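Asks:
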Amino acid sequence: MHGYDRPIYTNCVYPFPLNPPYVPTENPTGCYRKSFLLPEEWTGRRVLLHFEAVDSAFYAWINGVFVGYSQDSRLPAEFEITEHCYQPGSRKENILAVQVMRWSDGSYLEDQDHWRLSGIHRDVILLSKPQVSRPIKAYSTKCL
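Our numbering applies: residue 2 is where the sequence shown begins, and numbers increase by one.
(1) The beta strand (DSSP E) that contains residue 146, what's its start and end?
(2) Tell me whether the beta-carbon of residue 13 lies closer than 8 Å to the beta-carbon of residue 48.
(3) Would you kindly report the start and end of the unbroken beta strand (DSSP E) that includes residue 40?
(4) Beta-carbon separation of residue 54 and residue 122 under 8 Å?
(5) Tell me, to the nearest whole angstrom, how far the beta carbon of residue 91 is from that of residue 74; I am working on the premise that it is less than 8 Å.
(6) Beta strand (DSSP E) containing residue 126: first to last residue?
(7) How would you label residue 1, buried or exposed, when you count the other beta carbons within 10 angstroms and need 16 or more for buried?
(8) List the residues that DSSP assigns as beta-bridge partners of residue 51.
(9) Measure the Cβ-Cβ separation of residue 9 and residue 50 and say whether it is below 8 Å.
(10) Please work out which residues of its chain come closer than 6 Å, Cβ to Cβ, to residue 24, disregarding the five sequence neighbours upstream and downstream, and give them in chain order.
(11) Output the distance between the C-alpha atoms of residue 99 and residue 108, rounded to the nearest integer angstrom.
(12) Name the residue from 44, 76, 96 whose alpha carbon lies nearest to the alpha carbon of residue 67.
(13) Across which residues does DSSP place residue 60 in a beta bridge pair?
Put into structure tokens, the structure is as follows:
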């Protein structure tokens, strides 16, 4: 926990005043920054940023460009960041910035018996995938 905010346990009472869909103005927020280089082997490939779980909502930027928002603390989120990264092998550091808010309107849906520990609580992964362009075939079905 490293001294950032406090854990909250509740099983049937909301840990903030009920006023859906609004959340308290006092909303603890964590800001994270991480630099990374893309390997030369990733040239010509797609680059995806994958968050396995963040509680409760977050914004993400790559090199100062907004790339996405997500909320739902138990589901993964993935963003295409290829166009916002420096070329692989360029030796220019990319900067990932993430702003995580403890409460979101989704917090009303997550009232269950568990510890509320906000922040990035599973892995964050950079993925490289090949560029794919296949023609889409149109199919029709016939009712029987």
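The C-beta atom is built at its ideal place from N, Cα and C for all residues, glycine as well. Predicted, not measured: the structure shown is a model, and the values here were computed from it.
Replies: To lay it out plainly:
(1) Here the chain covers residues 2 to 145 and nothing more, so residue 146 does not appear.
(2) Taking the first residue of the sequence shown as position 1, residue 13 is located at position 12. Taking the first residue of the sequence shown as position 1, residue 48 is located at position 47. Contact: no.
(3) Here residue 40 is taken as the residue at index 39 of the sequence shown, counted from 1. Neither: residue 40 is in no beta strand (DSSP E) and is coded neither H nor E.
(4) Taking the sequence shown and counting its residues from 1, one reaches residue 54 at position 53. Taking the sequence shown and counting its residues from 1, one reaches residue 122 at position 121. It is a contact, given that the beta carbons lie within the stated cut-off.
(5) As a working mapping, residue 91 is identified with position 90 in the sequence shown. As a working mapping, residue 74 is identified with position 73 in the sequence shown. Wrong, their Cβ atoms sit about 35 Å apart, outside the cutoff.
(6) Taking the first residue of the sequence shown as 1, we reach residue 126 at position 125. Counting along the chain, the beta strand (DSSP E) containing residue 126 begins and ends at 125-131.
(7) Given a span of 2 to 145 for the chain in the structure shown, any question on residue 1 remains unanswerable.
(8) In the sequence shown, residue 51 corresponds to position 50, counting from 1. Answer is 79, 126.
(9) By 1-based counting over the sequence shown, the position of residue 9 is 8. By 1-based counting over the sequence shown, the position of residue 50 is 49. No.
(10) Numbered from its first residue, the sequence shown carries residue 24 at position 23. Only 104 meet the Cβ criterion.
(11) Residue 99 sits at position 98 when you count from the first residue of the sequence shown. Residue 108 sits at position 107 when you count from the first residue of the sequence shown. It is roughly 19 Å from the alpha-carbon of residue 99 to the alpha-carbon of residue 108.
(12) In the sequence shown, the residue the question calls residue 67 occupies position 66. Nearest Cα to residue 67 within the set 44, 76, 96: 96.
(13) Mapped onto the sequence shown, residue 60 falls at position 59. Residue 60 is bridged to 70, 100.
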